[in-house]
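Protein chains in written order, with the numbering used here: chain A, 653 to 870; chain B, 653 to 870.
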DNA sequence: AAATATTTTTAGGTTAATCTAAATGTATTA
DNA sequence: TAATACATTTAGATTAACCTAAAAATATTT
Ligand SMILES: [Mn+2]
Ligand SMILES: [Mn+2]
Ligand SMILES: [Mn+2]
Ligand SMILES: [Mn+2]
């Protein structure tokens, strides 16, 4: 049984491990969790003693198989709760992440099983992220980040990389949402910013930074 | 802002204060929370410093007005979540209390407001207990404990005193539920046990201890 | 390969929430 | 009222999760 803090560390380390093929570093964990490297060292010792991480001094950590299973259960809960908040309680997609950060630690197998059933076994959360099933299995939609696309290319928004409230509110404002059709009208070489057409209607300019956080179908 | 532990203490002390007109004692709190008197002394010092309790050494504690408001918000959340679990997720009434003990600490005003709306502003939880509104206001149904009733008396079950799973499962087994009609067929002087008729049908024997935990309409 | 910079760990504290054992205050009873 | 019993508080530890500052290991430059 993992504590709240342990679950948060494990989940974050799992996410970081998905972004690199090498071991996850102490500082990367500290940055992600807004904590200090010394605290991370303490915690990764504890987690590796519990068998969810493998750790060698100065070499960073890797998530073990049991660690991955545990991390995916937390992620499953997080994404199911986000789906509940949007689908049933009419939250906007920018309002759910913080609450889900709390709800993901509620410990009840029956609760999660019934919640999943109540939501009709959703496959993706409000940000387009896949929801692992009770065995930790999931399937991501094939996707490409908008900043990697070429002039003239078009596709449907399938996910957003960042669940930050300000970012999502900005997407709302300019008319972007999961399922929206995007066509790249012009790509500015200088700064990587884009002029895009949304749903074959209005066209808008977005910065490279924004385009990096939007995934579309290939 | 109160921590989980502080919220649990405050809620328990509030409940205990409803059962006596005098101050709540250190030992009563320790018993309720399955903790030790020394731990309680520490915590009540902290809570009285925060202004939610008033405390005099060796004289027990009383819940202040702000303490009562805070306690009722926790109780509101607990009972709304129990209602959600039963009404929406098809939990049995004996399965909800433990999960609600966790969920009651989730901190989001919007969540509770929307949950209340989603449940259509329920007035009572699955055990017949009143759900305080956002201002802490609630109304209990007039009720009398079954052991206080006389031979021949009848009424409708409006609440149960104990949310203990074993007790509620036992009620299920003998066919008792909120809304059931009970008539006292015979009251045994010797041990206070009762023969009751349920919904004008079958008759059953229940112990005094069970009858003390059932409330019916007057 | 030294020297320097960066990363990570260790050492030593802090705070919240718990505990046991001892001390002290309050209540009961002979 | 003095002795005894019971309730409560205090003293002193423990554990989890943090921190800062210093030490040690690793990486990067000259
Ligand atoms: Mn999220
Ligand atoms: Mn999400
Ligand atoms: Mn309950
Ligand atoms: Mn209840």
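Heads up, the beta-carbon is just placed ideally off N, CA and C, and yes, glycines get one too.
Applying a beta-carbon distance threshold of less than 7 angstroms, which residues of chain A neighbour residue i?
i	result
residue 754 (chain B)	758 and 759
residue 830 (chain B)	Chain A residues near residue 830 (chain B): none, gap ~21 angstroms exceeds 7 angstroms.
Using only CA atoms, which one of the options lies nearest to residue i?
i	options	result
residue 655 (chain B)	B:844, B:773 and B:759	B:759
residue 834 (chain B)	B:805, B:796 and B:843	B:805
residue 812 (chain A)	A:825, A:803 and A:797	A:797
residue 742 (chain B)	A:748, A:762, A:727 and A:726	A:762
residue 802 (chain B)	B:737, B:838 and B:793	B:838
residue 692 (chain B)	B:658, B:670 and B:775	B:658
residue 823 (chain A)	A:711, A:736 and A:864	A:864
residue 854 (chain A)	A:870, A:836 and A:720	A:836
residue 721 (chain A)	A:862, A:840, A:785 and A:825	A:785
residue 776 (chain A)	A:730, A:817 and A:819	A:730
residue 778 (chain A)	A:772, A:744 and A:754	A:744
residue 770 (chain A)	A:754, A:735 and A:748	A:735
residue 723 (chain B)	B:817, B:783, B:852 and B:832	B:783
residue 719 (chain A)	A:694, A:748, A:752 and A:653	A:653
residue 816 (chain A)	A:694, A:825 and A:748	A:748
Would you tell me roughly how many angstroms separate the C-alpha atoms of residue i and residue j, rounded to the nearest one?
i	j	result
residue 680 (chain B)	residue 709 (chain B)	15 angstroms
residue 687 (chain B)	residue 668 (chain B)	15 angstroms
residue 714 (chain A)	residue 787 (chain A)	21 angstroms
residue 789 (chain B)	residue 684 (chain B)	25 angstroms
residue 767 (chain A)	residue 756 (chain B)	17 angstroms
residue 698 (chain B)	residue 661 (chain B)	11 angstroms
residue 707 (chain A)	residue 675 (chain B)	53 angstroms
residue 750 (chain B)	residue 842 (chain A)	58 angstroms
residue 780 (chain B)	residue 795 (chain B)	10 angstroms
residue 717 (chain B)	residue 670 (chain B)	14 angstroms
residue 728 (chain A)	residue 860 (chain B)	46 angstroms
residue 800 (chain A)	residue 845 (chain A)	11 angstroms
residue 700 (chain B)	residue 814 (chain B)	29 angstroms
residue 847 (chain A)	residue 672 (chain A)	31 angstroms
residue 830 (chain B)	residue 690 (chain A)	55 angstroms
residue 737 (chain A)	residue 869 (chain A)	26 angstroms
residue 856 (chain B)	residue 862 (chain B)	12 angstroms
residue 793 (chain A)	residue 772 (chain A)	19 angstroms
residue 753 (chain B)	residue 682 (chain A)	31 angstroms
residue 858 (chain A)	residue 852 (chain A)	16 angstroms
residue 826 (chain A)	residue 819 (chain A)	11 angstroms
residue 695 (chain A)	residue 696 (chain B)	31 angstroms
residue 832 (chain B)	residue 840 (chain B)	22 angstroms
residue 774 (chain B)	residue 774 (chain A)	28 angstroms
List, in order along the chain, the chain B residues whose C-beta lies closer than 8 angstroms to that of residue i?
i	result
residue 729 (chain A)	By Cβ distance, chain B contributes nothing, its closest Cβ being about 12 angstroms from residue 729 (chain A), past 8 angstroms.
residue 747 (chain A)	762
Taking Cβ-Cβ distances shorter than 8 angstroms, what residues in chain A pair up with residue i?
i	result
residue 770 (chain B)	740 and 741
residue 767 (chain B)	741
List the whole-angstrom C-beta distance separating residue i from residue j, where the pair is believed to meet the contact cut-off of C-beta under 8 angstroms.
i	j	result
residue 705 (chain B)	residue 665 (chain B)	7 angstroms
residue 821 (chain A)	residue 746 (chain A)	5 angstroms
residue 867 (chain B)	residue 810 (chain B)	6 angstroms
residue 726 (chain B)	residue 663 (chain B)	5 angstroms
residue 703 (chain B)	residue 677 (chain B)	At roughly 21 angstroms, the Cβ-Cβ gap does not stay under 8 angstroms, so residue 703 (chain B) and residue 677 (chain B) are not in contact.
residue 850 (chain B)	residue 828 (chain B)	6 angstroms
Going along chain A in order, which residues have a C-beta closer than 9 angstroms to the C-beta of residue i?
i	result
residue 751 (chain B)	758, 759, 760, 762 and 763
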